[in-house]
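Q: One structure is given below, represented as C-alpha cells, and several questions about it will come after.
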Amino acid sequence: MGIIRIYKVFLLLLYIALQISPVFPRVIFVNPSGEIKTISQAISNSNSYDSVFVVKGYYKESNLNINKPLTLIGTDYPVIDGTYSNSNILTVTSSNVIISGFIIKNVGVSAVNDNAGIKVTNSNYCKIENNRLFNTFFGIYLAKSKNCYILGNEVKGNGNVESQSGNGIHLWQCSTIVIQKNRVVNNRDGIYFEFVSNSSIQYNYSSKNKRYGLHFMFSDNCDYINNDFIDNGAGVAVMYTKNIKMQNNRFIDNWGASAYGLLLKDIRDSFIYDNEFKNNTIGILAEGSNRLDIKRNNFIRNGWAVKIMANCIDDNFSRNNFISNTFDVATNSKQSYNKFHENYWSEYDGYDLNNDNYGDVPYHPVSLFSYLTSQNEPAIILLRSLFINFLDAAEKVFPSITPEALVDKKPLMRPIK
Amino acid sequence: MKYMFFFILSLLILSCTAKNKKIQFGVDLCSNCSMKISDSKYGAEIVTDKGKIYLFDSIECLISKLSQTDKNIAGSYKSLWTVDYLSQGDLIDAKKALYLRSESLHSPMGLNIGSFMNRDSLSQFIKSDSDKVINFSDLMELVKKEWEL
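Taken in order, these protein sequences are the chains called A and B. Just so we're aligned: 318 in this note's numbering is position 316 of the first sequence, and the numbers increase by one with no gaps anywhere. Just so we're aligned: 134 in this note's numbering is position 127 of the second sequence, and the numbers increase by one with no gaps anywhere.
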C-alpha cells in the first residue's frame, strides 16, 4: 500500500516536472537532400539549447544570425560559401554558442564594415572549434565577449594587399579568452588584441601575415606561450600594455627593412622567458619599455639581436645566449639604464683563468660599428670592412664612444642549454 | 641651353615645395608608434616648414607627436593632414576636418576617432547618444587627456 502511494506521488511529481520544464533540446539535421535544406532555416526553426547538425554539402549562405544559445556542428566539414557578399557569414549575439567543424569561405571585403567569417559580439561562454576559414576578410572576430574558447581553427586570408585583408583572429574589448592550437596564415595581423585582458594564447602557428604575427594593443595581464611566429611582416608587436608573459615562443625568419621578431613599445612589468629568436633582421626592438625581465632566450643569427632605445629603463637581460648575430646589442645613446648580466656571447673573446665559467673581462655588447650605424644608417655599407674591424678592436681596448655602462660584467664562457 | 637651365632650375624649385604625399598603406610606418600604416580609413600627416613629412597611422598619433617637446614640431609645421574616413586614403586639412568619436569606429590607436569632410558625411556613423562630433582643438584636448600627454 505504502509503496504504491510513493509510486503515485513520484509519478505526479514527474508529471509536474515535465509540465514546467522547458521543451527538451532537440537535434535538427540540415541536409541538401533532406527536409531542412539550409542552415538559416534550421537556425530559425530551432529553440534555445538545440543542436543543429549540418551534413556534408555546399551551402551558399551568409548573414546567418545566431541570437540564442545553440550548438552548430558540421559533420565532415560542410562548406558555407558567403559568395563575397557584404556581411558576416555567421554572427553570434548570444551566450552559450558552439560552432564547430565547418569550412567557411568568401566574405566580401568592405572599406566600412569589418566583415568576418564568424563574428561574436556580447557573448559569454562561446566556443569556436575546428573550423577552417578561407578568404574571410576578418576570420574570427570577437567583440565585448568573455569566457570564450577558440580552438584548432585554421584562418587563411587572401592577404595579398595589406589594406585589403583583415586580421585572422581579432579580439576587441574581451576578457578571459583562450586561443589555442590555431593556424593563422596570410592575414593582416595573425592574431590581434585590442583592449583585451586576462587572456591566453597557446600553441598557435602564425605565418606569412602581412603586418604582425601577433599584435597587442592596450591589453594587460595576458600571456602567450609556446607559439610559432614564422616569416611574418614582423613577428609580434606588444604595445601600450603591462603585465604580459611571453614564454617558449619561436620568432623565426622575420626579414625586411622594418621587420623584427618582437617589437616592444611602451610596455612595462613583463616577462620574456625561454624564447628563440632566429634569423630576424632585429630580434627584439624595445622603445619606451620599462621593467622587463628577459631571461634564458636564444638569439641566433639575427642582424641585430637586441635594439634597445635610450628611453628604456630597468630592463634586465640575464642568462640569454647571443650566438652568431651580426650585432649583439644596439642603442642610440651613451647612457644605459638597463642591466646585462651573466649572458653568453659567442663574440666574446675573453678568458677564464679561475675556471668559474664566467669570463674574467667584462664584455661590451655594443660594438663601435653598431653604435655608428644606429646614428647613421647608411654606414651599414661598411659592414665587414677591414677598417671597421680595426676601429672595433681599438674601441674594445680603449672604449670612448660606445656606451660604457652597457656592459656584461660576468659573461658566461659556455652557452646555456 | 639657357632655357634648359632655367627649366631645370624651375623644376628643382617646384619639387622642393612642401606638399603632402599620399600614404602608402601597408608600406609606410607611423612616425609615432612605429606600426605599419595599414587601415586606409585612418591616417594623418605632418608637413614641416622644410618639407619633411611625418606619416601617422591615426590622428591620435599625430597629436601625440605634436605634443612631444624634443623636436619641437608644434612650432615648425607647415600643414597638418588627416585621412578622410570615406575616401580610402585621401588627405584633408586636419584643422578644417570634423572628428567623430564613436564606438562604431575602431581606429588603430583605440580612441575610436574618424575624420570627415563635413557633418553630412559623418552622420551615418552616429550610432548612440554618447557619440561626439568635435573639431581639431577639442580633439587635441581629448587625446592629451586620454593619453596623459
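Where is the CB? At the ideal position from N, CA and C, for every residue including glycine.
1. Give a yes or no on whether 8 angstroms exceeds the smallest Cβ distance from Q75/B to chain A.
2. What residue range is occupied by the uninterrupted beta strand (DSSP E) comprising D225/A?
3. When you check each C-beta in the segment 211–225 of chain A against every C-beta of chain B, which residues fall closer than 7 angstroms?
4. S42/A and E63/A - do their beta-carbons sit closer together than 8 angstroms?
5. Could you tell me the alpha carbon to alpha carbon distance between N79/B and R185/A, rounded to whole angstroms?
6. Between M33/B and chain A, is any beta-carbon pair separated by less than 8 angstroms?
7. Going by DSSP, which residues form a beta bridge with K121/A?
8. Under a Cβ-count criterion, where at least 16 other Cβ atoms within 10 Å of its own Cβ denotes burial, should Q175/A be classed as buried or exposed?
9. Around the C-beta of R7/A, are 16 or more other C-beta atoms found within 10 angstroms, so that it is buried, or is it exposed?
10. Kindly indicate if chain B contains any beta-carbon less than 8 angstroms away from that of K419/A.
11. Helix, strand or coil for L107/B, going by three-state DSSP, please let me know.
12. For the segment 182–213 of chain A, list every residue whose C-beta sits within 7 angstroms of some C-beta in chain B, in sequence order.
13. Closest Cβ-Cβ distance between G235/A and chain B: below 8 angstroms?
14. Return no unless some Cβ of chain B is closer than 8 angstroms to the Cβ of W257/A.
15. Tell me where the alpha helix (DSSP H) around N47/A begins and ends.
16. Using the three-state DSSP reduction, which class does F12/A fall into: helix, strand or coil?
17. So if I threshold CB-CB distances at 8 angstroms, which residues from the segment 117–140 of chain B count as touching chain A?
18. Does the Cβ of N292/A have 16 or more other Cβ atoms within 10 Å, making it buried, or fewer, making it exposed?
19. Would W347/A pass as an interface residue toward chain B - the criterion being a Cβ-Cβ separation below 8 angstroms?
20. Would you call T85/A buried or exposed, if buried means 16 or more other Cβ atoms sit within 10 Å of its Cβ?
21. Starting from R126/B and walking both ways along the beta strand (DSSP E), at which residues does that stretch end?
22. With C-beta atoms as the reference, is I142/A less than 8 angstroms away from A118/A?
23. I want to see whether chain A comes within less than 8 angstroms of L36/B, judged by CB atoms only; does it?
24. Any Cβ of chain B within less than 8 angstroms of the Cβ of S335/A?
25. Are the segment 138–148 of chain B and the segment 87–105 of chain B touching, with three or more C-beta to C-beta distances below 8 angstroms?
26. Let me check understanding here. Comparing Cα to Cα, which of K183/A, F389/A, D362/A and N206/A lies closest to F253/A?
27. Quick one: grab the DSSP three-state call for T375/A.
28. Would you report the Cα separation of D52/A and M124/B, rounded to the nearest angstrom?
29. Near Y92/B, what residues of its chain come up, given a Cβ to Cβ distance below 7 angstroms and the 5 sequence neighbours on each side ignored?
30. Could you give the residue range of the beta strand (DSSP E) that holds S219/A?
31. Does the beta carbon of S65/B come closer than 8 angstroms to any beta carbon on chain A?
A: For this structure:
1. Taking the first residue of the second sequence as 1, we reach residue 75/B at position 68. Cβ-Cβ to chain A under 8 angstroms: no for Q75/B.
2. For the purposes of this step, residue 225/A is identified with residue 223 of the first sequence, where counting begins at 1. It spans C224 to I227 - the beta strand (DSSP E) in which D225/A sits, taken as one unbroken run.
3. K212, R213, M219 and F220
4. Translated into the one-based positions of the first sequence, residue 63/A becomes position 61. Translated into the one-based positions of the first sequence, residue 42/A becomes position 40. Cβ atoms of E63/A and S42/A: closer than 8 angstroms.
5. As a position in the second sequence, residue 79/B is number 72, starting the count at 1. As a position in the first sequence, residue 185/A is number 183, starting the count at 1. Taking the straight line joining both Cα atoms gives about 45 angstroms.
6. Sequence index remark: in the second sequence, residue 33/B carries index 26 (1-based). The amino acid occupying residue 33/B in the given sequence is Gly; Met does not appear at that position. Yes, contact with chain A.
7. As a first step, residue 121/A must be located in the first sequence, where it is residue number 119. Answer is T93/A and Y143/A.
8. Walking along the first sequence from the start, residue 175/A turns up at place 173. Its Cβ being crowded by 16 or more others within 10 Å, Q175/A is buried.
9. Numbered from its first residue, the first sequence carries residue 7/A at position 5. That one is exposed.
10. Position 417 of the first sequence, counted from the start, is the residue given in the question as residue 419/A. It does not: the Cβ of K419/A has no partner Cβ on chain B nearer than 8 angstroms.
11. Here residue 107/B corresponds to residue number 100 of the second sequence, with the count starting at 1. In this structure, L107/B counts as strand in the three-state DSSP scheme.
12. R190, E196, F197, K212 and R213
13. As a working mapping, residue 235/A is identified with position 233 in the first sequence. Yes, its Cβ sits closer than 8 angstroms to a Cβ of chain B.
14. As a first step, residue 257/A must be located in the first sequence, where it is residue number 255. Chain B contact via Cβ: absent.
15. Numbered from its first residue, the first sequence carries residue 47/A at position 45. Note, N47/A: alpha helix (DSSP H), I41 to N47.
16. Against the first sequence, residue 12/A aligns to sequence position 10. Helix, per DSSP.
17. G117
18. Position 290 of the first sequence, counted from the first residue, corresponds to residue 292/A. N292/A comes out buried.
19. Looking up residue 347/A in the first sequence gives position 345. Answer no: the Cβ-Cβ gap between W347/A and chain B never drops below 8 angstroms.
20. Translated into positions along the first sequence, residue 85/A becomes position 83. When all chains shown are included, T85/A counts as exposed.
21. Within the second sequence, numbered from 1, the residue matching residue 126/B stands at position 119. Element bounds for R126/B: not the beta strand (DSSP E) but the alpha helix (DSSP H), R126 to L129.
22. The residue labelled residue 142/A in the question sits at position 140 within the first sequence. The residue labelled residue 118/A in the question sits at position 116 within the first sequence. In contact: I142/A and A118/A (Cβ atoms closer than 8 angstroms).
23. Working through the second sequence from its first residue, we reach residue 36/B at position 29. Chain A, which has a Cβ nearer than 8 angstroms to the Cβ of L36/B, makes this yes.
24. Position 333 of the first sequence, counted from the start, is the residue given in the question as residue 335/A. False, the Cβ-Cβ gap to chain B never drops below 8 angstroms.
25. yes
26. Counted from its first residue, the first sequence places residue 253/A at position 251. With distances taken between Cα atoms, F253/A lies closest to N206/A.
27. Position 373 of the first sequence, counted from the first residue, corresponds to residue 375/A. Three-state result, T375/A: helix.
28. As a working note, residue 52/A is residue 50 in the first sequence. As a working note, residue 124/B is residue 117 in the second sequence. Distance between the alpha carbons of D52/A and M124/B is about 49 angstroms.
29. Position 85 of the second sequence, counted from the first residue, corresponds to residue 92/B. K48, G121, S122 and F123, listed in sequence order.
30. Position 217 of the first sequence, counted from the start, is the residue given in the question as residue 219/A. For the sequence presented, residue 219/A should be read as Met rather than Ser. Its beta strand (DSSP E) spans residues Y214 to M219.
31. Translated into positions along the second sequence, residue 65/B becomes position 58. Answer no: the Cβ-Cβ gap between S65/B and chain A never drops below 8 angstroms.
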